[in-house]
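Chemist: Chains as they are written, first to last, in this note's numbering: chain A, 1 to 358; chain B, 359 to 716.
By construction, the Cβ of each residue, glycine as well, lies at the ideal position given by its N, Cα and C atoms.
For reference, the structure I am asking about is given below.
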């Protein structure tokens, strides 16, 4: 088991990464009071809920099982968590435990941020994507019909448990979606990690445990460094959103739940690379490397059928990175170096949208 | 115009108190971006919305008008604010302005805390209660059918405008409800202020402008001192909840909106005084002074008809001050000195409940 520390002053917390952590990691020091609510979903609960309950200390343990999918990341489902907390009379010292992927993690974290104006929570991410991304950094929230993650809070967990063995039960599509975010870390921050990923992609897709462990560790390490520098995303943290502005538009247009988040990010990253190439910042070879690694990870490299460039423009206008009407994008100055910028000519953006739109 | 500063480090903010502040106070320095959403209700908007819009700087100004009343302090109405923000494409630099009483202030503050994980807001409280209480200290939130203020956040405003002249349009019952919280400050922290209130209560009920200004200033000053010491209510701030545990039970039992919050707090404060007397902490004369000043302010000193002691016990068990199953109450050691305590015998509590319950 390896431990990474996310350094955020009095909100610092450890991430445990390794195999079989349900048995080997001790959660008791991270549970303050004598109540726990486990939040999980209909897919994950049958696989891991009993296993988790068996290793918790002897406190009042309740659970709430939500439907599975991004389309259920809503205020309404959040309220089901509050209903359960109040029915079971959980007080301010309660601890929420998120057992599931990014949707469960984001909703549980937001419920913890808001319940009685803030209680503790623990993240146990069960997808590759949530292990490398949404469980690190304290971003929590729910979607709104008019925009993804528009309602939320920054709220840090007490501890994160990233157990590699739970990935054995992860569907292939979900594994690929997680790899999209892993690739993103290489593209944004670390050209050497990108090289490593290119070399080992077939092993990662084949679920080699030690390769996956290293990919998770390095991704979390990169994200933890960034979050420590910029907890509230006023600067360098924004770079982690490479591909996300295009990607969120894809998700919104398709209706949440049809494309996986990582799939939308993969196509969005290819679009960001395309625009970066049009601006003369990366070469055609660089662009082809981005397309190739996404394909190796079995990820989409085109926008969905039927989505127009007008769809993109409308949906991108509500992105959180829009400031005073000016769209800002994360683009690539090189492979391994991203920037957040509003310095791109609208014609180039239009060309990228036309190239990818139907 | 007088200015009080609430000292919270980089979250510090001023409270302006005085007459005709809509005209004399300049809000421009507190609006960061070029978008404003005014949140108000059906009662207040016809009286003051145009007046407010007329003095705002030339930015994009949108509004959302909610139904009036504590029964609308819900996640559903909160979502109406999010709908409007997204329909009008408000971004991270937007400023929300709460124009209304405590319900509007709490909901607007919570919407600001959650929208895009946190935007700025300004409080313009239009009731005495919200001027002296809910606009100071950053507590925001909504109710849940199983408990009041159970879902929320700590989020500080940029500035608070407490304009005394808006109280001219306040119904008598609402004025009295505000006086309940003013009296509370005297009972909890300041025996001299309590004396002043006893002497001037008929003038306050008669809406004497200078008396009201002083009562608001001193109440805000006391609350600002407490909040500066204890922003997240881990200690001394809890004392401000004198009468609130009993009061919240009354509100829950009656259905939100039938009793005003201040009315429930008044009856709850009398109950807390009764229990304090039973414990031998205050005298019978002290208790009678509490009853008398509430009556002078035209406030209820009895629990509502039909509410049983079992109702109280059930509803008090979900109070946020319950820790690990142990009920804690704010009680009086003297007039002007309150304590938070679990050191009361259950029989005395039962006697108080029996005395006040039906």
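#1: Residues of chain A with CB under 7 Å from residue 502 of chain B, in chain order?
#2: To the nearest angstrom, how far is the alpha carbon of residue 287 of chain A from that of residue 89 of chain A?
#3: Using a C-beta cutoff of 7 Å, does residue 154 of chain A count as contacting chain B?
#4: Going by CA-CA distance only, name the one from A:229, A:240, A:277, A:139 that's closest to residue 340 of chain A.
#5: Would you call residue 550 of chain B buried or exposed, if buried means 16 or more other Cβ atoms sit within 10 Å of its Cβ?
#6: Pull out every residue of the segment 631-649 of chain B whose Cβ sits closer than 8 Å to any Cβ of chain D, in chain order.
#7: Compare the C-alpha of residue 6 of chain A against each of A:139, A:166, A:220 and name the closest.
#8: Is it buried or exposed for residue 148 of chain A, if we count other Cβ within 10 angstroms and need 16 for buried?
#9: Taking the C-alpha atoms as reference points, what is the distance between residue 128 of chain A and residue 676 of chain B?
#10: Quick one: is residue 538 of chain B buried, meaning 16 or more other Cβ sit within 10 Å of its Cβ, or exposed?
#11: Considering only residues of the same chain and omitting the five flanking positions on each side of residue 718 of chain B, which have a CB-CB separation below 6 Å?
#12: Leaving out five residues before and five after residue 361 of chain B in sequence, what residues of the same chain have Cβ atoms less than 8 Å from its Cβ?
#13: Closer than 9 Å by beta-carbon distance: list the chain A residues that pair up with residue 497 of chain B, in chain order.
#14: Nearest by alpha-carbon distance to residue 513 of chain B: which of B:493, B:502, B:559 is it?
#15: Helix, strand or coil for residue 440 of chain B, going by three-state DSSP, please let me know.
#16: In its own chain, which residues sit with a C-beta less than 7 Å from the C-beta of residue 384 of chain B, not counting the 5 before and 5 after it?
#17: For residue 526 of chain B, does the count of other Cβ atoms within 10 angstroms reach 16, so buried, or fall short, so exposed?
#18: Check whether the segment 649-663 of chain B and the segment 619-637 of chain B touch, using three or more Cβ-Cβ pairs below 8 Å as the test.
#19: Could you say which of B:400, B:558, B:419, B:398 lies nearest to residue 386 of chain B if we only look at CA atoms?
#20: What residues match up with residue 483 of chain B in a beta bridge as DSSP calls it?
#21: Which whole-angstrom value is the C-beta distance of residue 115 of chain A and residue 509 of chain B, which I expect to be below 8 Å?
#22: Does the Cβ of residue 621 of chain B have 16 or more other Cβ atoms within 10 Å, making it buried, or fewer, making it exposed?
#23: State buried or exposed for residue 705 of chain B, treating a residue as buried only when at least 16 other CB atoms are found within 10 Å of its CB.
#24: Can you give me the C-alpha to C-alpha distance between residue 222 of chain A and residue 455 of chain B, rounded to a whole angstrom?
#25: Keeping to the same chain, check which residues put their C-beta closer than 6 Å to that of residue 252 of chain A; ignore five residues upstream and five downstream.
#26: Identify the contact partners of residue 64 of chain A in chain B, using a Cβ-Cβ distance below 7 Å as the criterion.
#27: Alpha carbon to alpha carbon, what distance is there between residue 216 of chain A and residue 67 of chain A?
#28: Could you pull out every residue in the same chain whose Cβ sits closer than 8 Å to the Cβ of residue 619 of chain B, ignoring the five residues on either side in sequence?
#29: Would you say residue 499 of chain B and residue 483 of chain B are within 7 Å of each other, going by their C-beta atoms?
#30: Provide the residue(s) that pair with residue 322 of chain B in DSSP beta bridges, ordered along the chain.
#31: When DSSP builds the beta bridges, which residues end up paired with residue 309 of chain A?
#32: Taking the alpha-carbon positions, what's the residue 356 of chain A to residue 305 of chain A distance?
#33: Hey, is residue 151 of chain A's beta-carbon within less than 7 Å of any beta-carbon in chain B?
#34: Residues of chain A with CB under 7 Å from residue 437 of chain B, in chain order?
#35: Residue 154 of chain A lies in the alpha helix (DSSP H); which residues open and close that run?
#36: Using a Cβ cut-off of 7 Å (strictly closer), state whether residue 102 of chain A contacts chain B.
Modeler: Walking through what the data contain:
#1: Taking a Cβ-Cβ cut-off of 7 Å, the neighbours of residue 502 of chain B in chain A comprise 82, 86, given in sequence order.
#2: Each residue's alpha carbon lies about 55 Å from the other.
#3: At least one CB of chain B lies nearer than 7 Å to the CB of residue 154 of chain A.
#4: Checking every option, the nearest Cα to that of residue 340 of chain A belongs to A:240.
#5: Label assigned to residue 550 of chain B: exposed.
#6: No chain D appears in the structure shown, which is made up of the protein chains A and B.
#7: Closest in alpha carbon position to residue 6 of chain A, among A:139, A:166, A:220, is A:220.
#8: Per the 10 Å Cβ criterion, buried.
#9: Their backbone Cα atoms lie some 38 Å apart in a straight line.
#10: Residue 538 of chain B is buried by the Cβ-count criterion.
#11: This structure cannot settle anything about residue 718 of chain B, because the visible part of chain B is limited to 359 through 716.
#12: Excluding residues within five positions, the ones whose Cβ falls inside 8 Å are 372, 373, 374, 375.
#13: 117, listed in chain order.
#14: The residue from B:493, B:502, B:559 with its alpha-carbon nearest to that of residue 513 of chain B is B:493.
#15: Helix.
#16: So the list is empty, once near-sequence residues are dropped.
#17: Under a 10 Å Cβ-count criterion, residue 526 of chain B is classified as exposed, with fewer than 16 other Cβ atoms of the shown protein chains found around its own Cβ.
#18: Under the Cβ criterion (8 Å, minimum of three pairs), the segment 649-663 of chain B counts as touching the segment 619-637 of chain B.
#19: Ranking B:400, B:558, B:419, B:398 by Cα distance to residue 386 of chain B puts B:419 first.
#20: Residue 483 of chain B is bridged to B:458.
#21: Residue 115 of chain A to residue 509 of chain B, Cβ: 7 Å. Contact.
#22: Classification of residue 621 of chain B: buried, given that the 10 Å Cβ count is 16 or more.
#23: Exposed, because fewer than 16 other Cβ atoms sit within 10 Å of the Cβ of residue 705 of chain B.
#24: So the alpha carbons of these two residues sit roughly 39 Å apart.
#25: Cβ neighbours of residue 252 of chain A beyond the five flanking positions: 315.
#26: Per Cβ cutoff of 7 Å: no residues; residue 64 of chain A is ~14 Å from chain B at best.
#27: Straight-line Cα distance between these residues: approximately 27 Å.
#28: Beyond the five residues adjoining it in sequence on each side, residue 619 of chain B comes within less than 8 Å, by CB distance, of 428, 460, 487, 535, 605, 609 in the same chain, given in chain order.
#29: Going by C-beta atoms, residue 499 of chain B is not nearer than 7 Å to residue 483 of chain B.
#30: There is no way to answer for residue 322 of chain B, as the model of chain B reaches only from 359 to 716.
#31: The secondary-structure analysis by DSSP pairs residue 309 of chain A with nothing; it has no beta-bridge partner.
#32: For the pair residue 356 of chain A and residue 305 of chain A, the Cα-to-Cα distance works out to about 9 Å.
#33: So yes, residue 151 of chain A belongs to the interface.
#34: Neighbours of residue 437 of chain B on chain A, chain order: 75.
#35: Secondary structure note for residue 154 of chain A: it is in no alpha helix (DSSP H), and the uninterrupted beta strand (DSSP E) holding it is 147-154.
#36: Interface criterion not met: the Cβ of residue 102 of chain A is under 7 Å from no Cβ in chain B.
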